Amino acid sequence: SQQGEEDPQALSIQEGENATMNCSYKTSINNLQWYRQNSGRGLVHLILIRSNEREKHSGRLRVTLDTSKKSSSLLITASRAADTASYFCATSAGNTPLVFGKGTRLSVIA
Amino acid sequence: DAGVIQSPRHEVTEMGQEVTLRCKPISGHNSLFWYRQTMMRGLELLIYFNNNVPIDDSGMPEDRFSAKMPNASFSTLKIQPSEPRDSAVYFCASGGYGWGNEQFFGPGTRLTVL
Numbered sequence: 012s013q014q015g016e017e018d019p020q021a022l023s024i025q026e027g028e029n030a031t032m033n034c035s036y037k038t039s040i041n042n043l044q045w046y047r048q049n050s051g052r053g054l055v056h057l058i059l060i061r062s063n064e065r066e067k068h069s070g071r072l073r074v075t076l077d078t079s080k081k082s083s084s085l086l087i088t089a090s091r092a093a094d095t096a097s098y099f100c101a102t103s104a105g106n107t108p109l110v111f112g113k114g115t116r117l118s119v120i121a
Numbered sequence: 810d811a812g813v814i815q816s817p818r819h820e821v822t823e824m825g826q827e828v829t830l831r832c833k834p835i836s837g838h839n840s841l842f843w844y845r846q847t848m849m850r851g852l853e854l855l856i857y858f859n860n861n862v863p864i865d866d867s868g869m870p871e872d873r874f875s876a877k878m879p880n881a882s883f884s885t886l887k888i889q890p891s892e893p894r895d896s897a898v899y900f901c902a903s904g905g906y907g908w909g910n911e912q913f914f915g916p917g918t919r920l921t922v923l
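In order, the protein sequence lines correspond to chains A and B.
So for the first sequence, my numbering puts the first residue at 12; every next one is plus one.
So for the second sequence, my numbering puts the first residue at 810; every next one is plus one.
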């Protein structure tokens, strides 16, 4: 299975700190995406990184991809209470839909 | 654009009843996905459509589940008869052409089967 596995399952930090979440997968991919899910809401796309890219930034988000290790990381800098949510990685490979991991629950304490 | 629209947002029903969940994808999107999310199993892909045609329904848990997409702007997921273990949040998502594109999720339908 190409399913991504996020690590850690849960993370609790203080406001202003950086949060790092990791995703590992098993097969070759075309791209990897990160999504956020606030409690009681649907998933929202954050960022997409292609297999030939190593790093990508979007605002306070930084994503890295290491295809040799089949892993990705999502860094949220200067976290805010509003960043409290679950974060999912999703992998795309060939002519199949995205495969989502089980997510990391991030709590940012004010 | 209003985004993906799902109805109802909440549904409480009794075991054995038929349940129909509805989804209106984003206009112009070619792909539509139905997911189920529970604490135990996480996010599960049930079925996906491309250009209104069901491509893979291998994620549908049982024959009690069925999905249709009669046109590009409407899809339904039906459970008949419903069981307590079907209780979950059901999401519809749509996306552009190509499987690896960003998916846009609806707000979900929280289903409780008593």
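Note that CB positions come from ideal geometry on N, CA and C, so glycine has one too.
Source: prediction; values computed, not measured.
With a threshold of 8 angstroms between beta-carbons, can Tyr857/B be considered close to chain A, or not? Counted from its first residue, the second sequence places residue 857/B at position 48. Judged by the 8 angstroms Cβ criterion, Tyr857/B is in contact with chain A.
**OP:** Could you list which residues in chain B have their beta carbon closer than 7 angstroms to that of Gly15/A, in chain order?
**Re:** Reading the first sequence from its first residue, position 4 is the one you call residue 15/A. Chain-order list of chain B residues neighbouring Gly15/A: empty, with the shortest C-beta distance near 11 angstroms, by a criterion of under 7 angstroms.
For Asn42/A, which beta-bridge partners are listed by DSSP? Translated into positions along the first sequence, residue 42/A becomes position 31. According to DSSP, Asn42/A shares a beta bridge with Arg61/A and Ser103/A.
Taking 7 angstroms as the cut-off, is the CB of Asp94/A close to at least one heavy atom of the ligand SAH?
Looking at this structure, you won't find the ligand SAH or any other ligand, since it has none at all.
Q) For the region 71-98 of chain A, which residues have a beta carbon sitting closer than 7 angstroms to at least one beta carbon of chain B? A) none
### Query
With a cut-off of 8 angstroms, do at least 3 Cβ pairs link the region 12-32 of chain A to the region 82-102 of chain A?
yes
To the nearest angstrom, how far is it from the Cα of Gln20/A to the Cα of Pro870/B? Working through the first sequence from its first residue, we reach residue 20/A at position 9. Working through the second sequence from its first residue, we reach residue 870/B at position 61. Looking at the two C-alpha atoms, the distance is approximately 26 angstroms.
**Message:** Per DSSP, what are the beta-bridge partners of Asn33/A in this structure?
**Reply:** Walking along the first sequence from the start, residue 33/A turns up at place 22. Asp18/A and Ser84/A, per the DSSP bridge assignment.
Please classify Ser12/A as buried or exposed, where buried requires at least 16 other C-beta atoms within 10 Å of its C-beta. Mapped onto the first sequence, residue 12/A falls at position 1. Confidence is the limiting factor: at Ser12/A the pLDDT is only 47, short of 50, which leaves the residue's position unreliable and the question unanswerable from this model.
**Asked** Given that Leu7/A touches chain B, what residues does it touch there, using C-beta distances under 8 angstroms?
**Response** Here chain A has residues from 12 to 121 only, and residue 7/A is not among them.
- Message: Need the endpoints of the beta strand (DSSP E) that Leu886/B sits in, please.
- Response: Counting from 1 along the second sequence, the entry for residue 886/B is found at position 77. Phe883 to Ile888 is the extent of the beta strand (DSSP E) around Leu886/B.
Does the contact criterion of 3 or more C-beta pairs under 8 angstroms hold for the region 110-121 of chain A versus the region 857-866 of chain B? No: fewer than three Cβ pairs fall under 8 angstroms.
| request: Can you give me, in chain order, the residues of the region 849-880 of chain B that have a beta carbon less than 7 angstroms from any beta carbon in chain A? | output: Correct list: Gly851, Leu852, Leu854 and Tyr857.
Q) Straight-line CA distance for Gly812/B to Arg47/A? A) Counted from its first residue, the second sequence places residue 812/B at position 3. Counted from its first residue, the first sequence places residue 47/A at position 36. Distance between the alpha carbons of Gly812/B and Arg47/A is about 16 angstroms.
query = Helix, strand or coil: how does DSSP classify Arg47/A here?
reply = Translated into positions along the first sequence, residue 47/A becomes position 36. It is a strand residue.
(Q) If the criterion is Cβ atoms closer than 8 angstroms, does the pair Phe900/B and Tyr844/B meet it? (A) Here residue 900/B is taken as the residue at index 91 of the second sequence, counted from 1. Here residue 844/B is taken as the residue at index 35 of the second sequence, counted from 1. Yes, Cβ-Cβ distance for Phe900/B and Tyr844/B is below 8 angstroms.
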